[in-house]
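Have a look at the structure below, then the notes.
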Amino acid sequence: MAAPDGKAGETDRKSLDELGARIDAARQQLDGPKREQTTKYKTLNRAWQMVVELVVSVVVGGCIGYALDWAFGTLPLFLVIFGGFGFAAGIKTILATARGFIDEDDTASP
Amino acid sequence: MAKEAVEGELNIDPMHQFDIKYFFDIDLGIANIGFTNSALFAFIAVAAIVVFLWSAVSGHSLVPSRMQSVAESIYEFVRNMVRDTAGDEALKYFPYIFTVFIFILACNLIGMIPYSFTVTSHFAVTVFLALSVFISVTVIGFLKHGMHFFSFFWPAQAPAALRPVLCIIEVISYLARPISHSIRLGANMMAGHAVLKVIGAFAGASALLVVPSVLGIVGLTALEVLVAVLQAYVFTILTCVYLNDALNLH
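Just so you know, the sequences run in chain order A and B.
All letters in the first sequence, in the order written, are residues 87 to 196 by the working numbering.
All letters in the second sequence, in the order written, are residues 3 to 252 by the working numbering.
Set out below in structure tokens:
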């Protein structure tokens, strides 16, 4: 498809520019409806991501607490405390994720 | 009549598709490392990637062929993702991130072919991928910053009394990363395929349900292809985010 390098370089450059213009035009035409469709599933995906982050943080905190309880023989104490820490960590992660989404949307929309 | 058929014949076994089958056993006592269908499809995915990329770039012309421009777009897409999220410094880890991305993408998409097996629907695979990212990112952080890497967990701006508590919270959220990282990919793939199977079982249950469930499967399959690509993207961008944290410490 492509012309070999050398004297045909000039034609290559020209056809590349043409191709670039055509790609830009096609992209502009496609962008509208496509973007709308993907944002719908993106939102779903984001909600799911935040739920997982919160639950996982609580579970990890709980596991650390349970391990400490197992080591010191103080069963409910550290489990409860670290479960709370895990919840706080989950909220912190969710807030950071949400902030990331806001930044992403700001840069995405023109 | 149709209703009765639903009661009698509805035979849903959505998890059967995730069964691991051994083609042959190599039992080492602590573990069986025989060849499974999961391993087979992982090999197929790798072979597909190699064949695709090889044939795409073998022509290497200035104005790319279709295949070549697909390969180039994927390359450029991941490269831009790495640079935008983690900065120029992260570009030396680009080969690893590209490998992770294209492997997950290939596994997800090959899983969409009927009668195939979705490697990434198993947590054994996704946890391995997430743990390798977690460990390598942590090692990179320590190599770059030494013991100063621990300042990542120490919120210096917070009031002094709160710092130890916040430090524990930071550590927990850091440890939670590989888990949520792997669950997101594995659960998404597993859930999508299980739902497809359930809807498919409706078609077998009653003649009345055939048309709606086939339409449903068509729609869901389209959605699943989107999810397959999106989850590969999400896994990769989170890898970049974690890498950025390790390189730049907030």
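Using N, Cα and C, we set each Cβ at its ideal position, and we do this for glycine too.
{"Asked": "Determine the direct distance from the alpha carbon of B/G194 to that of A/M136, and round the result to whole angstroms.", "Found": "19 Å"}
{"Asked": "How many angstroms separate the CA atom of B/V167 from the CA atom of B/W156?", "Found": "10 Å"}
{"Asked": "In angstroms, rounded to a whole number, what distance separates the CA positions of A/A174 and B/E172?", "Found": "9 Å"}
{"Asked": "Secondary structure at B/F119, three-state DSSP: helix, strand or coil?", "Found": "coil"}
{"Asked": "List the endpoints of the continuous beta strand (DSSP E) containing B/Y244.", "Found": "Where B/Y244 is concerned, there is no enclosing beta strand (DSSP E), although the alpha helix (DSSP H) it sits in stretches over 212–250."}
{"Asked": "Roughly how many whole angstroms lie between the Cα atoms of B/P116 and B/S40?", "Found": "15 Å"}
{"Asked": "Looking at chain A, is there any beta carbon in it that lies within less than 8 Å of the beta carbon of B/A207?", "Found": "no"}
{"Asked": "Which first and last residues belong to the beta strand (DSSP E) in which B/F20 is found?", "Found": "Careful: B/F20 lies outside any beta strand (DSSP E) and carries neither H nor E."}
{"Asked": "Where B/V72 and B/I142 are concerned, what is the direct C-alpha to C-alpha distance, given to the nearest angstrom?", "Found": "31 Å"}
{"Asked": "Between A/D191 and B/I239, what straight-line distance do the alpha-carbon atoms span, to the nearest angstrom?", "Found": "15 Å"}
{"Asked": "Excluding the 5 residues flanking A/Q114 on each side, which residues of the same chain have their C-beta closer than 7 Å to its C-beta?", "Found": "none"}
{"Asked": "Should B/F119 and B/F43 be called a contact, given that it needs their Cβ atoms to be closer than 8 Å?", "Found": "yes"}
{"Asked": "Whose C-beta lies closer than 6 Å to the C-beta of B/A224 among residues of the same chain, with five residues either side of it excluded?", "Found": "none"}
{"Asked": "For B/N190, which residues does DSSP report across the bridge?", "Found": "DSSP lists no partner for B/N190."}
{"Asked": "Would you call the CB atoms of A/G172 and A/V145 closer than 8 Å?", "Found": "yes"}
{"Asked": "Check whether the Cβ atoms of B/G31 and B/N246 sit closer than 8 Å, and answer yes or no.", "Found": "no"}
{"Asked": "Would a C-beta distance cut-off of 8 Å place B/A234 and B/L145 closer than the cut-off?", "Found": "no"}
{"Asked": "Below 8 Å between beta carbons: does that hold for B/A33 and B/F105?", "Found": "no"}
{"Asked": "Consider the Cβ of A/I150: report whether some Cβ of chain B lies at a distance smaller than 8 Å.", "Found": "yes"}
{"Asked": "Taking the alpha carbon of B/S123 as the reference point, which residue from B/A230, B/D15, B/L249 has its own alpha carbon closest?", "Found": "B/A230"}
{"Asked": "Of the residues B/F204, B/P214, B/F130, which one's Cα is nearest the Cα of B/S182?", "Found": "B/F130"}
{"Asked": "List the residues of chain B whose Cβ lies closer than 8 Å to the Cβ of A/E139, in chain order.", "Found": "A178, S182"}
{"Asked": "Can you tell me the Cβ-Cβ gap for B/E74 and B/L249, rounded? I've got them flagged as a contact below 8 Å.", "Found": "In fact, because the Cβ distance is near 27 Å, the residues do not count as touching under 8 Å."}
{"Asked": "Specify the secondary structure class of A/D191 as computed by DSSP and reduced to three states.", "Found": "helix"}
{"Asked": "Examine chain B for any beta-carbon lying closer than 8 Å to the beta-carbon of A/Q115, and answer yes or no.", "Found": "no"}
{"Asked": "Here's a check: name, in chain order, each residue in its chain whose Cβ is nearer than 8 Å to the Cβ of B/V102, leaving out the five neighbours to either side.", "Found": "L131, V135, F237, T238, T241"}
{"Asked": "Give the DSSP bridge partners of B/D29, in chain order.", "Found": "B/N34"}
{"Asked": "Out of curiosity, what's the CA-to-CA distance linking B/V139 and B/R186?", "Found": "19 Å"}
{"Asked": "Within the 8 Å Cβ cut-off, does A/L102 reach chain B?", "Found": "yes"}
{"Asked": "Work out the CA separation of B/V227 and B/I204 for me, nearest whole Å.", "Found": "Rather than Ile, the amino acid found at residue 204 of chain B in this sequence is Phe. Whole-angstrom Cα-Cα distance: 21 Å."}
{"Asked": "What are the residues in the stretch 44–68 of chain B lying within 7 Å of chain A by C-beta distance?", "Found": "S63, L64, V65, S67"}
{"Asked": "Applying the 10 Å Cβ sphere with the 16-neighbour rule, what's the burial state of A/P90?", "Found": "Here A/P90 scores only 49 on pLDDT, less than 50, and its place in the model should not be relied on; the value that follows carries that caveat. Its Cβ having fewer than 16 others within 10 Å, A/P90 is exposed."}
{"Asked": "If you run the structure through DSSP and keep just helix, strand and coil, what is B/L64?", "Found": "coil"}
{"Asked": "Identify, in the order they occur along the chain, each residue of the same chain with its Cβ nearer than 7 Å to the Cβ of B/R179, setting aside the five sequence neighbours on each side.", "Found": "F136, Y244"}
{"Asked": "Kindly indicate which three-state DSSP category B/I14 falls into: helix, strand or coil?", "Found": "coil"}
{"Asked": "Where A/G106 and B/A162 are concerned, what is the direct C-alpha to C-alpha distance, given to the nearest angstrom?", "Found": "57 Å"}
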